[in-house]
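Shown next, in structure tokens, is the structure this report addresses.
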Ligand code: FES
Ligand code: FES
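Chains as they are written, first to last, in the working numbering: chain X, 68 to 229; chain R, 70 to 874.
Here is the structure:
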């Protein structure tokens with residue numbers, strides 16, 4: 068049996084039929100082609116599938132697509148505007164904060180959520196908040212530095228856009 | 070010589086913008102028309118005979134398009150040829166892509182299904198009827214080696230599948246003249262590099278050829294495997310973006326490539342198979358559990374005269390990678406030390422556990438662990454300072470280029486300087502002072518200082534030193550190609566012969582191309598990722614063996630140099646100038662001597678591109694149209710000792726980076742918890758092409774080695790069931806446990822490579838487990854604790870303390 072759901076993803080509205088067992092991450096990747104959200108474990112341990120649902124950071128492998136009915140979802144594809152990278156993305160690029168890139172979309176979303184809540188995080192807070200996103204390549208050093216950089220970029224960016 | 074506008078600079082990553090916007094293209098992101106999805110039925114038993122497999126109920130399920138059972142695997146495919154990874158196998162054992170009549174580890178693939186949807190394929194697995202006859206299993210090498218143990222491969226008559234040794238110098242004589250012999254038994258556990266993206270294959274069997282998209286590090290392995298198993302010559306291997314490799318995706322992945330391809334052939338439709346995390350943990354390959362009985366012959370002053378090691382490798386339930394953890398020890402057999410006499414005996418023992426695969430260093434972390442634990446032991450037993458014992462045994466600066474007794478040539482380096490520098494950076498005296506203050510408290514401070522090499526650039530002939538009787542020569546030296554092209558509009562694209570798994574190969578290669586051609590970095594890009602029909606590849610075209618810096622850099626530099634000559638020839642003809650009087654600046658060819666001001670006769674790459682591809686009348690006589698060059702690189706200094714000599718000396722790899730590591734840890738005596746307070750590295754990677762990229766490689770590999778030492782690893786029950794199926798259970802360190810690693814570079818350029826570069830990749834994973842072991846032992850010195858086993862999980866540390874307290 069399928070269920071029909073209606074949700075907004077990156078500002079666009081989708082109406083689709085989904086099986087009850089379809090995970091949000093599979094819906095995003097396979098049904099609407101947003102392959103930027105990755106699957107590293109599918110049991111909530113790696114954070115590669117992190118997205119925002121109604122503004123809150125969610126692991127899309129721990130949520131069913133039917134549970135996202137009526138929600139507003141933001142994925143990594145929804146952050147950059149008109150080709151310009153979001154300050155979080157730019158800071159990660161400039162800081163060499165990624166290697167294979169597989170964890171990166173999850174980190175982008177997690178950092179985005181972290182800085183929305185805590186605009187001036189200490190290193191300890193960064194480490195605490197990002198501890199549910201795993202990266203097998205970088206050893207986190209450049210990621211943590213890039214988050215600090217993103218925090219200061221974001222402040223001037225926010226000033227500029229208000 | 071090229072200008073150095075970009076080489077040596079942390080030029081901004083070319084790959085990163087697509088990754089941060091979710092535009093990477095990994096295998097699972099690809100879809101083909103009429104594509105099916107595959108799922109694998111795996112063995113629940115560690116050891117069992119397969120009595121019968123019946124796929125008929127699964128086949129009858131709507132949406133199921135093909136079911137491949139062991140009978141079908143045997144009928145439709147051929148076993149792999151035992152390759153270099155299985156060198157030393159004493160009787161040929163046919164190994165198919167799936168289990169045939171027996172399973173030898175939990176998770177071994179038994180059947181594979183293709184269906185319209187992944188969920189449908191999963192449902193179908195439940196309808197496959199398998200009758201097993203469970204057999205007793207064996208999980209420790211000690212038990213497996215007993216004559217009474219259940220035998221995995223009857224053909225071998227026992228589980229000790231290989232025994233052999235290498236010896237250099239005269240170890241017996243060294244031991245005879247020693248003042249003292251020190252001994253210890255060391256153990257390194259099973260772990261993996263757990264790339265975040267598990268294995269992934271997408272196969273399409275078209276009439277003209279079989280194409281596979283696969284996240285393989287070594288497309289050569291997949292290419293050979295498909296040809297061998299399916300008897301197809303027309304094979305195309307495409308490697309799109311890869312979500313991490315670290316050795317994990319070199320070998321075992323070939324099974325899955327073959328199974329996926331077999332389904333695609335059977336179903337007549339494209340088939341995608343994506344491994345899930347628990348499948349990867351159980352059956353995707355582990356590093357080997359290694360045990361070492363070590364004896365060192367030493368003088369009273371702490372000079373190590375010789376070493377004897379007996380190495381037992383637990384290779385799990387397959388013979389296909391029988392000796393890799395042994396053979397790779399040739400690469401850093403003497404670490405950084407000038408010791409002349411060594412004997413290494415090896416045994417590969419089969420157990421009912423996951424097969425072993427290459428893994429960030431393969432065997433080299435074990436070899437380094439042996440050396441560095443030995444240095445600490447020598448110091449302790451002789452009452453000397455551990456750093457001074459190391460120092461007195463190091464190869465000295467003036468000995469470079471230094472040939473090790475087994476034939477490796479360390480081109481350049483200054484090991485003592487690395488050691489000195491790391492002591493300064495870690496503030497050694499200050500750490501000792503703070504340590505003394507804390508004595509008697511509940512958290513003790515400890516420091517470990519170790520040193521190691523990072524070999525790079527593989528010599529394919531290495532294993533001939535160990536297996537001279539091998540029927541087939543495994544190849545020799547190395548070959549890798551690259552193509553560089555100036556397009557009609559003047560932009561520059563290049564194609565490397567090898568895949569990348571996140572090491573910024575596109576960025577690094579682009580920097581070289583930009584400097585050689587004299588063009589802005591923004592104008593240079595990679596044409597795409599690896600594709601066996603268009604990438605110029607050879608035996609070194611592998612994201613392994615630390616090959617990139619030697620082979621890819623040499624190839625892309627060579628191709629760009631060739632193209633530069635072509636550009637100058639064409640420009641000279643267009644400008645009616647002497648080519649030797651031309652220079653290139655920012656994609657414009659200008660006669661030398663003409664300044665930036667004043668009328669200059671110059672020609673741009675775009676103008677040259679237009680002529681080269683469209684205007685025959687303007688081409689000089691004999692000029693091949695187009696502006697493209699391909700160059701295949703072999704290491705010009707591959708000899709001497711590319712092939713083994715009479716003493717079995719052979720170059721295992723061609724370049725040797727080195728680094729000193731200092732770890733400062735805090736050990737909680739009540740809980741056994743170890744916290745890494747500081748982790749300091751001083752590294753010599755030769756000429757750095759992109760320092761920030763090299764830093765990233767060092768941080769990542771150090772973090773992995775530290776996590777391994779602190780507790781990440783696989784645990785099996787006595788019945789052969791894997792108990793660590795998830796990343797959490799496996800104990801991967803997160804941002805909370807991973808220290809802020811500090812790196813300083815002290816590069817000494819390599820005299821033999823294109824730009825003076827040396828390896829940079831897995832290096833810091835080699836000494837870091839030893840550094841943590843040293844530091845923990847140092848912290849627990851008041852208890853007299855000796856660290857001989859990894860991992861140092863809180864339980865183990867607590868037990869070590871309790872045993873002594
Ligand atoms: S895929 Fe969702 S947390 Fe790993
Ligand atoms: S960059 Fe590879 S997993 Fe993080």
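Every residue gets a Cβ at the ideal spot worked out from N, C-alpha and C, and that includes glycine.
Asked                                                                                                                                    : Found
Distance, residue 159 (chain X) Cα to residue 666 (chain R) Cα                                                                           : Model confidence at residue 666 (chain R) stands at a pLDDT of 49, short of 50, so the residue's coordinates are unreliable and nothing is read from them.
Inter-stretch contact at 8 Å, needing at least 3 Cβ pairs: the stretch 265 to 275 of chain R / the stretch 516 to 528 of chain R         : no
Residue 690 (chain R) versus residue 684 (chain R): straight-line alpha-carbon distance, rounded                                         : 13 Å
Amino acids of chain X, ordered along the chain, whose beta-carbon sits closer than 7 Å to that of residue 82 (chain R)                  : 160, 163
Reduced DSSP category for residue 794 (chain R) - H, G, I as helix; E, B as strand; rest coil                                            : coil
Spatial distance of residue 157 (chain R) from residue 835 (chain R) (CA atoms)                                                          : 25 Å
Residues that DSSP places opposite residue 149 (chain R) in a beta bridge                                                                : R:164
Rounded Cβ spacing between residue 586 (chain R) and residue 574 (chain R) (contact assumed at less than 8 Å)                            : Between residue 574 (chain R) and residue 586 (chain R) the Cβ distance is about 18 Å, and since that is not below 8 Å, they are no contact.
Contacts that residue 345 (chain R) makes with chain X (C-beta to C-beta distance below 7 Å)                                             : 109
Coil, strand or helix - residue 171 (chain R) by DSSP                                                                                    : strand
Cut-off 7 Å between Cβ atoms - residues of its own chain near residue 69 (chain X), not counting five sequence neighbours on either side : 84, 85, 86
Residue 716 (chain R) versus residue 237 (chain R) - alpha carbon distance                                                               : 8 Å
As assigned by DSSP and simplified to three states, the class of residue 98 (chain X)                                                    : helix
Contact under 8 Å by Cβ, residue 182 (chain X) with residue 155 (chain X)                                                                : yes
Spatial neighbours of residue 215 (chain X) in its chain, beta-carbon cut-off 7 Å, leaving aside the 5 residues before and after         : none
In DSSP terms, what residue 521 (chain R) is bridged to                                                                                  : R:728
Beta-carbon spacing of residue 859 (chain R), residue 257 (chain R) below 8 Å                                                            : yes
Buried versus exposed, by CB contacts within 10 Å (16 or more), residue 148 (chain X)                                                    : exposed
CA nearest to the CA of residue 571 (chain R), picked from X:205, X:116, X:162                                                           : X:205
Span separating the alpha-carbon of residue 281 (chain R) from that of residue 352 (chain R)                                             : 21 Å
Helix, strand or coil at residue 106 (chain R) according to DSSP, with G and I counted as helix                                          : strand
One or two residues paired with residue 844 (chain R) in a DSSP bridge                                                                   : Residue 844 (chain R) is not bridged to any residue.
Inter-stretch contact (C-beta, 8 Å, three-pair minimum) for the stretch 373 to 382 of chain R and the stretch 335 to 355 of chain R      : no
Cβ-heavy atom distance, residue 313 (chain R) to ligand 2, below 7 Å                                                                     : yes
From R:621, R:106, R:98, R:866, residue whose alpha carbon lies closest to that of residue 101 (chain X)                                 : R:98
Residue list, Cβ distance to ligand 4 heavy atoms smaller than 6 Å                                                                       : Of the ligands this structure carries, namely ligand 1 and ligand 2, none is ligand 4.
Rounded C-alpha distance that separates residue 130 (chain X) from residue 95 (chain R)                                                  : 23 Å
Segment limits, beta strand (DSSP E) that includes residue 75 (chain X)                                                                  : 69 to 76
Positions along the stretch 75 to 96 of chain X whose CB lies within less than 9 Å of some CB in chain R                                 : 86, 88, 89, 93, 96
Residue 79 (chain X), enclosing beta strand (DSSP E) - first and last residue                                                            : 79 to 86
Integer-rounded CB distance, given that residue 513 (chain R) should sit under 8 Å from residue 738 (chain R)                            : 6 Å
Proximity of residue 285 (chain R) and residue 308 (chain R) at Cβ, strictly below 8 Å                                                   : yes
Three-state secondary structure assigned by DSSP to residue 585 (chain R)                                                                : helix
Pairwise C-alpha distance: residue 79 (chain R) and residue 810 (chain R)                                                                : 19 Å
Per-residue contacts from residue 175 (chain X) into chain R (C-beta, under 7 Å)                                                         : 89
C-alpha gap between residue 42 (chain R) and residue 551 (chain R), whole angstroms                                                      : The question about residue 42 (chain R) has no answer here: the residues shown for chain R are numbered 70 through 874.
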